[in-house]
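The structure appears below as structure tokens.
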Amino acid sequence: MLSLILLPLIFGAPLFWSFERAPHFLQVLSVFNPLRYHVEFIHALAVGTPLSAAAVLVTLLSVPAALVLLGYAGHRAEWLSQEVS
263 MLSLILLPLI
273 FGAPLFWSFE
283 RAPHFLQVLS
293 VFNPLRYHVE
303 FIHALAVGTP
313 LSAAAVLVTL
323 LSVPAALVLL
333 GYAGHRAEWL
343 SQEVS
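Residue numbers (my numbering): 263 to 347.
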């Protein structure tokens, strides 16, 4: 089930190719892909190109959200393991 979500996200981000040569529909869909902005952010830091405002905003908003979800998942797993024993 997770593959149904992750594969389109990964292949819809500029990880493996540049979007200048991608079909127009893929360029439009990639605007809604948060992984695109993470890749742009890391690429800009590595190469030294200017950061786009969208890449910074999406990264700054999604990283703390992912950490909160990770903390919640860890807390819930601990709670469930105590409940079973």
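All C-beta atoms in this analysis are idealised placements derived from N, C-alpha and C, irrespective of residue type, glycine included.
Where residue i falls: helix, strand or coil (DSSP)
{"i": "V293", "result": "coil"}
{"i": "S314", "result": "coil"}
{"i": "E282", "result": "coil"}
{"i": "P276", "result": "coil"}
Own chain, CB closer than 8 Å to residue i, minus 5 neighbours either side, in chain order
{"i": "H300", "result": "A275, A317, V320, T321 and S324"}
Same chain, Cβ closer than 7 Å to residue i, neighbours up to 5 away in sequence not counted
{"i": "L277", "result": "V301"}
{"i": "F281", "result": "Q289 and S292"}
{"i": "A284", "result": "none"}
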